[in-house]
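The structure appears below as structure tokens.
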Amino acid sequence: LTKDDLSDCGDILTGQWISTDKAKMLVPTAADEIESIKPITHTSHWPFQGTPAMMNKAGKRMLEQWWHRTTEEVSVVQHRFTGQKMTFTRFAQENAGGDKKLANQFIENFRAPNGNPMLIKFRDIKDKIRLTIFLDDEFLWEGDNPMKIRDFNYTWVHGQFCPECPRTELKLQGFVRGQRDPQRMQNRQVNQAMDIIESQVQGLRMV
12 LTKDDLSDCG DILTGQWIST DKAKMLVPTA ADEIESIKPI THTSHWPFQG
62 TPAMMNKAGK RMLEQWWHRT TEEVSVVQHR FTGQKMTFTR FAQENAGGDK
112 KLANQFIENF RAPNGNPMLI KFRDIKDKIR LTIFLDDEFL WEGDNPMKIR
162 DFNYTWVHGQ FCPECPRTEL KLQGFVRGQR DPQRMQNRQV NQAMDIIESQ
212 VQGLRMV
């Protein structure tokens, strides 16, 4: 993992303790399954979020989300002159109201004055994100990214994690410093240089 945009990241695993009602709200199609899943008694995944025994007393459940980057073959439409590309599904939504038959007709009829087609349609490999949800170590749901985007729903934040800090909001600490006025700092640098020059011993040689 070296890139800030997570383009070289293949998997992200998150975990949090939530209530049973919130779990049903996040995955409403699995409400009956959530009721039948027994709370976990131990886990080694998240040692700094509280012990299962303590969280069970508070009525919390461990919800884990595994975000996985994979690929799929999709139809792509490309403009021959500009090189702009988009998936055929998006092209149909933006230009034909979602009607794929009409979108295909548009691609066929959209031509240059010399008769050459302006748009081409072909198959291409695209990245996509799959999400798998576990509740108390039991499989709950799997599918494509609910946000319908082909990237992770996260932004890389540089910082230092301090698990010993008692306050949750202070566990992640960033590397920051106060901003300083650039002109003021330049003036200070010039003044320091002048002080050094004036403090030097001045000598005169008579010939």
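Under our numbering, think of the first position of the sequence shown as 12, with each following residue one higher.
All C-beta atoms, glycine included, are put in the ideal place defined by N, C-alpha and C.
Residue i in three-state terms, based on DSSP
i, result
"Val168", "coil"
"Gly189", "Residue placement at Gly189 cannot be trusted, given a pLDDT of 49 that sits under 50; the coordinates are not used to answer."
"Ser86", "strand"
"Thr8", "The chain is shown from 12 up to 218; residue 8 falls before or after that span and cannot be answered."
"Thr52", "coil"
"Thr62", "coil"
"Thr100", "helix"
"Phe117", "helix"
"Met205", "helix"
"Thr8", "Any property of residue 8 remains undetermined from this structure, which presents the chain solely from 12 to 218."
"Glu180", "helix"
"Ser210", "helix"
"Glu75", "strand"
"Arg80", "strand"
"Arg199", "helix"
Exposed unless 16 or more other CB atoms sit within 10 angstroms - verdict on residue i
i, result
"Val168", "exposed"
"Phe121", "exposed"
"Val88", "buried"
"Phe163", "buried"
"Ser18", "exposed"
"Ala103", "buried"
"Leu183", "exposed"
"Lys71", "buried"
"Ala69", "exposed"
8 Å Cβ cutoff met for residue i and residue j
i, j, result
"Leu24", "Glu75", "yes"
"Phe99", "Ala107", "no"
"Glu129", "Arg91", "Note on identity: in this sequence residue 129 is Met, with Glu being the wrong assignment. Yes, the pair counts as a contact, with Cβ atoms nearer than the cut-off."
"Thr81", "Lys14", "no"
"Glu44", "Leu151", "yes"
"Asp155", "Arg134", "no"
"Lys79", "Asp16", "It should be pointed out that residue 79 corresponds to His in this sequence rather than to Lys. Taking 8 Å as the Cβ cut-off, His79 and Asp16 do not qualify as a contacting pair."
7 Å CB neighbourhood of residue i in its chain, flanking five on each side removed
i, result
"Ile51", "Pro63, Met73, Asp147, Asp148"
"Ala42", "Lys35"
"Ile48", "Leu146, Asp147, Glu149"
"Thr93", "none"
Chain-order list of residues whose beta-carbon lies under 6 Å from that of residue i (same chain, five-residue window excluded)
i, result
"Thr143", "Trp77, Glu153"
N- and C-terminal bounds of the beta strand (DSSP E) containing residue i
i, result
"Leu151", "149-155"
"Leu146", "130-146"
The alpha helix (DSSP H) enclosing residue i, as first and last residue numbers
i, result
"Lys33", "31-37"
"Asp43", "42-47"
8 Å Cβ cutoff, residue i in contact with chain C
i, result
"Thr13", "Here there is only one protein chain, and chain C is not present."
Sequence-distant residues of the same chain with beta carbon closer than 8 Å to residue i, five excluded per side
i, result
"Met65", "none"
"Leu181", "Cys173"
"Asn127", "Arg91"
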